[in-house]
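Some notes on the structure that comes next.
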Amino acid sequence: MTFRTRAEKRMRKFLIEQLKARVQHGARIAEGKKSAEDLVKNDLGPQVFVFRNLFSGQVLYSPVPAYHNDQINQQFVNPNWQNRKPSRRQDLWKIMCVVNFDNYDYATAAYKGLVDLRRVRDTYQRKEANSMRKKSEDGHIWHSGQYRPTYTQEAVADLTHVIDEFELEGTTIFWANEWHKGDEKYWRHDLVEHQKLPVHNPKHQSVLLDVMRKKAIEAFREKTTETVEPEAA
Numbered sequence: 043m044t045f046r047t048r049a050e051k052r053m054r055k056f057l058i059e060q061l062k063a064r065v066q067h068g069a070r071i072a073e074g075k076k077s078a079e080d081l082v083k084n085d086l087g088p089q090v091f092v093f094r095n096l097f098s099g100q101v102l103y104s105p106v107p108a109y110h111n112d113q114i115n116q117q118f119v120n121p122n123w124q125n126r127k128p129s130r131r132q133d134l135w136k137i138m139c140v141v142n143f144d145n146y147d148y149a150t151a152a153y154k155g156l157v158d159l160r161r162v163r164d165t166y167q168r169k170e171a172n173s174m175r176k177k178s179e180d181g182h183i184w185h186s187g188q189y190r191p192t193y194t195q196e197a198v199a200d201l202t203h204v205i206d207e208f209e210l211e212g213t214t215i216f217w218a219n220e221w222h223k224g225d226e227k228y229w230r231h232d233l234v235e236h237q238k239l240p241v242h243n244p245k246h247q248s249v250l251l252d253v254m255r256k257k258a259i260e261a262f263r264e265k266t267t268e269t270v271e272p273e274a275a
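Residue numbers (our numbering): 43 to 275.
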């Protein structure tokens, strides 16, 4: 049995409160639509955060290092028994990848493109999309328990399509598990670079994402400074 001193208990309580506050603050920032100007104003980077639901395999996109019910409502517009509208439970949504873009216009365009592709697949092209999904013996979307891997696969395919279609050069994707990125042949290496997210405790996901936010801002500012200085000379 482990015994903690009063100081250790106070520190643990303080850290837990800080983590809760960080999550709540992130949810408030995630509320509503975000333009490129909003991202700059809120000290956010040119990024898209891709979250994966551990229970269902569903995927949620966010332009900020957190998510809100607004995004769930926006991205799950036609729920059904095989693709139910997910809850916002913090323990279910884990980061799948963080995508850093060359600038804020690229980031907002990519986010909109990803959301639009999802909406089209779930509404106007619902039958076509469902016909291409792997099925179980009973004709339903293949699943293990409640988990359906097709949603993760479709999200990665959409990400490759958006980067290719908009030619978003200078993109870097940080994967929690590199297995999710799929085969290298589907990625244009003149546009995108792949790296791995730092190993982290899942309970401290908000801390990791805040670190990624700060690094993206620093990288963007350094690049902007390097671009401006030669022009000034």
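Even glycine gets a Cβ: it sits at the ideal position worked out from N, Cα and C.
Nothing here was measured: the structure is a model prediction, and the numbers come from that model.
Simplified DSSP state of residue i, which is helix, strand or coil
{"i": "residue 184", "result": "coil"}
{"i": "residue 189", "result": "strand"}
{"i": "residue 176", "result": "coil"}
{"i": "residue 221", "result": "helix"}
{"i": "residue 122", "result": "strand"}
{"i": "residue 248", "result": "helix"}
{"i": "residue 85", "result": "coil"}
{"i": "residue 166", "result": "coil"}
{"i": "residue 243", "result": "coil"}
{"i": "residue 74", "result": "coil"}
{"i": "residue 230", "result": "coil"}
{"i": "residue 263", "result": "helix"}
{"i": "residue 209", "result": "coil"}
{"i": "residue 203", "result": "helix"}
Which residues DSSP lists as bridging residue i, in chain order
{"i": "residue 91", "result": "104, 140"}
{"i": "residue 214", "result": "142, 235"}
{"i": "residue 135", "result": "95"}
Cβ neighbours of residue i in the same chain (closer than 8 Å, five flanking residues each side left out)
{"i": "residue 66", "result": "The predicted model places residue 66 with a pLDDT of 48, which falls under 50 and marks its position as unreliable, so this point remains unresolved."}
{"i": "residue 215", "result": "139, 140, 141, 142, 201, 223, 234, 235, 236, 237"}
{"i": "residue 242", "result": "249, 250"}
{"i": "residue 253", "result": "240"}
{"i": "residue 206", "result": "230, 233"}
Residues of its chain near residue i, where Cβ-Cβ distance is below 6 Å and the 5 sequence neighbours each way are ignored
{"i": "residue 193", "result": "99, 100, 101"}
{"i": "residue 144", "result": "212"}
{"i": "residue 159", "result": "200"}
{"i": "residue 264", "result": "none"}
Cutoff 7 Å; reference residue i; Cβ partners in own chain excluding five residues on either side
{"i": "residue 151", "result": "208"}
{"i": "residue 111", "result": "130"}
{"i": "residue 186", "result": "none"}
{"i": "residue 197", "result": "92, 101"}
{"i": "residue 82", "result": "146"}
{"i": "residue 247", "result": "136, 137"}
{"i": "residue 191", "result": "99"}
{"i": "residue 228", "result": "202"}
{"i": "residue 176", "result": "184, 192"}
Check whether residue i and residue j have beta carbons under 8 Å apart
{"i": "residue 259", "j": "residue 85", "result": "yes"}
{"i": "residue 137", "j": "residue 91", "result": "yes"}
{"i": "residue 121", "j": "residue 95", "result": "no"}
{"i": "residue 113", "j": "residue 183", "result": "no"}
{"i": "residue 21", "j": "residue 165", "result": "Past the boundaries of the shown model lies residue 21; the chain is included only from 43 to 275, so the question cannot be answered."}
{"i": "residue 153", "j": "residue 103", "result": "yes"}
{"i": "residue 117", "j": "residue 157", "result": "yes"}
{"i": "residue 230", "j": "residue 87", "result": "no"}
{"i": "residue 163", "j": "residue 171", "result": "yes"}
Residue i CB to nearest heavy atom of the ligand MG below 7 Å
{"i": "residue 223", "result": "In terms of ligand content, the structure shown is empty, and the ligand MG therefore cannot be addressed."}
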